[in-house]
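Chains as they are written, first to last, in this note's numbering: chain A, 741 to 996; chain B, 6 to 65.
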């Protein structure tokens, strides 16, 4: 049987690799697709903001309202279109802007009808609260939780996208068999190549090739995910270092 | 979370949540190394948003 050992087609929409500054400008100018692309970014990263608000003492309902109204503010407030305001990291920009928003908008948000009259990003508050209850709030500051949760979100997004690429290519079983090899340290003892080869019906040599490609694609997606959150590709390494620091600071207390 | 829910990475010494399949710090550091190998595009992005695809992604 002839088998295709090539990596799955990337098939990502163009905005998936577009830097956040460009997404933000496009959204604020109402360029076609801009608001949708911004919504995608916000959908990915709303939970770190939500947990920040919760850690700052806001109720679950208020945290949800504040997060939602913040995203609406991002889209509607043209002051953010200023280039100077959009330099740097998306993570830093969002947190600083959100802190200002918390200070300025609490009273206004409380006057909003529950759930707001407009929804920019769907927030699953029930799931968020379940996750929040497991967060190590007694050990870490709101800022540390935000940064570490952001890092976990980036990692999770890259892994999810990798899984989706394999699924799109009809290779879900291959991904499931190989994903244990994504761990560069083999913290979990992986099965032998022969076992994997037998499981997915390829040669042992092909397994090695598939693992190499899986790892390469994962790290590429990880860099792409980080690249979307900085204003210049030259900042990717610096941001990855910062995410590493955030995870180390969290002392392994955050789950996936 | 209990202390016993955490594991220590044998490679970098970082502690990570026990149910995770791999050390997140090592995964990020691997991405750093791969960036050195492959390099990154430095040109300005060409923006061609695809709203229908964005909608598809949001529905996942």
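Each residue gets a CB set at the ideal place from its N, CA and C atoms; glycine is no exception.
* Rank A:759, A:838 and A:946 by C-alpha distance to the C-alpha of residue 796 of chain A and give the top, closest one. => On the first chain, residue 796 of chain A is found 56 positions in, with the first residue counted as 1. Ranking A:759, A:838 and A:946 by Cα distance to residue 796 of chain A puts A:838 first.
* Using the Cα positions of residue 915 of chain A and residue 961 of chain A, report the straight-line distance between them to the nearest angstrom. => The sequence position of residue 915 of chain A within the first chain is 175, counting from 1. The sequence position of residue 961 of chain A within the first chain is 221, counting from 1. Using only the alpha carbons, I get a separation of about 15 Å.
* Determine the burial state of residue 793 of chain A: buried for a count of at least 16 other Cβ atoms within 10 Å of its Cβ, exposed for fewer. => On the first chain, residue 793 of chain A is found 53 positions in, with the first residue counted as 1. Counting Cβ neighbours within 10 Å, residue 793 of chain A comes out buried, since at least 16 surround it.
* Enclosing alpha helix (DSSP H) for residue 886 of chain A [first to last residue] -> Stepping through the first chain from its first residue, residue 886 of chain A is reached at position 146. That run of the alpha helix (DSSP H) goes 882 to 908.
* Asked: For chain B, is any of its Cβ atoms less than 8 Å away from the one on residue 891 of chain A?
  -> For this step, residue 891 of chain A is matched to residue 151 along the first chain. Residue 891 of chain A counts as touching chain B.
* Exposed unless 16 or more other CB atoms sit within 10 angstroms - verdict on residue 992 of chain A -> Numbered from 1 along the first chain, position 252 holds the residue referred to as residue 992 of chain A. Looking at its Cβ environment, which holds 16 or more other Cβ atoms inside 10 Å, residue 992 of chain A is buried.
* Use the C-beta contact count for residue 874 of chain A: other C-beta atoms within 10 angstroms, 16 or more gives buried, fewer gives exposed. => On the first chain, residue 874 of chain A is found 134 positions in, with the first residue counted as 1. Looking at its Cβ environment, which holds fewer than 16 other Cβ atoms inside 10 Å, residue 874 of chain A is exposed.
* **Residue of A:808, A:994 and A:964 minimising C-alpha distance to residue 980 of chain A** => Here the question's residue 980 of chain A lines up with position 240 in the first chain. Of the candidates A:808, A:994 and A:964, the one whose C-alpha sits nearest the C-alpha of residue 980 of chain A is A:964.
* Per DSSP, residue 21 of chain B is paired with what? -> In the second chain, residue 21 of chain B corresponds to position 16, counting from 1. Per DSSP, B:12.
* Asked: With a Cβ-Cβ cutoff of 8 Å, do residue 786 of chain A and residue 863 of chain A count as a contact?
  -> One-based indexing of the first chain puts residue 786 of chain A at position 46. One-based indexing of the first chain puts residue 863 of chain A at position 123. A contact, by the Cβ cut-off of 8 Å.
* To do: Use the C-beta contact count for residue 766 of chain A: other C-beta atoms within 10 angstroms, 16 or more gives buried, fewer gives exposed.
  => Translated into the one-based positions of the first chain, residue 766 of chain A becomes position 26. Buried, since its Cβ has 16 or more Cβ neighbours within 10 Å.
* What separation, rounded to the nearest whole angstrom, lies between the Cα atoms of residue 832 of chain A and residue 951 of chain A? -> Along the first chain, one-based indexing puts residue 832 of chain A at 92. Along the first chain, one-based indexing puts residue 951 of chain A at 211. Answer to the nearest angstrom: the Cα atoms are 35 Å apart.
* To do: Kindly indicate which residue of A:884, A:917, A:976 and A:808 has the alpha-carbon position closest to the one of residue 790 of chain A.
  => Locating residue 790 of chain A in the first chain gives position 50, counting from the first residue. It is A:808 whose Cα lies nearest to the Cα of residue 790 of chain A.
* Residues near residue 983 of chain A in its chain [Cβ-Cβ closer than 6 Å; skip 5 each side] -> The residue given as residue 983 of chain A occupies position 243 in the first chain. Here the set comprises 891.
* Asked: Taking 8 Å as the CB-CB cut-off, is residue 951 of chain A touching chain B?
  -> The count along the first chain starts at 1 and reaches residue 951 of chain A at position 211. No, its Cβ sits nowhere closer than 8 Å to a Cβ of chain B.
* Where does residue 854 of chain A land, buried or exposed, given buried means 16+ other C-beta within 10 angstroms? -> Here residue 854 of chain A refers to the residue found at position 114 of the first chain. Residue placement at residue 854 of chain A is poorly supported in this model, since its pLDDT is 49, which falls under 50; the coordinates are not used for a value here.
* Comparing the C-beta of residue 931 of chain A with each C-beta of chain B, is any distance below 8 Å? -> Numbered from 1 along the first chain, position 191 holds the residue referred to as residue 931 of chain A. Chain B, which has no Cβ nearer than 8 Å to the Cβ of residue 931 of chain A, makes this no.
* To do: Use the C-beta contact count for residue 910 of chain A: other C-beta atoms within 10 angstroms, 16 or more gives buried, fewer gives exposed.
  => One-based indexing of the first chain puts residue 910 of chain A at position 170. So residue 910 of chain A counts as exposed.
* Which one of A:775, A:966, A:972 and A:805 has the shortest CA to CA distance from residue 828 of chain A? -> As a first step, residue 828 of chain A must be located in the first chain, where it is residue number 88. Selected option, being the one with the closest Cα: A:972.
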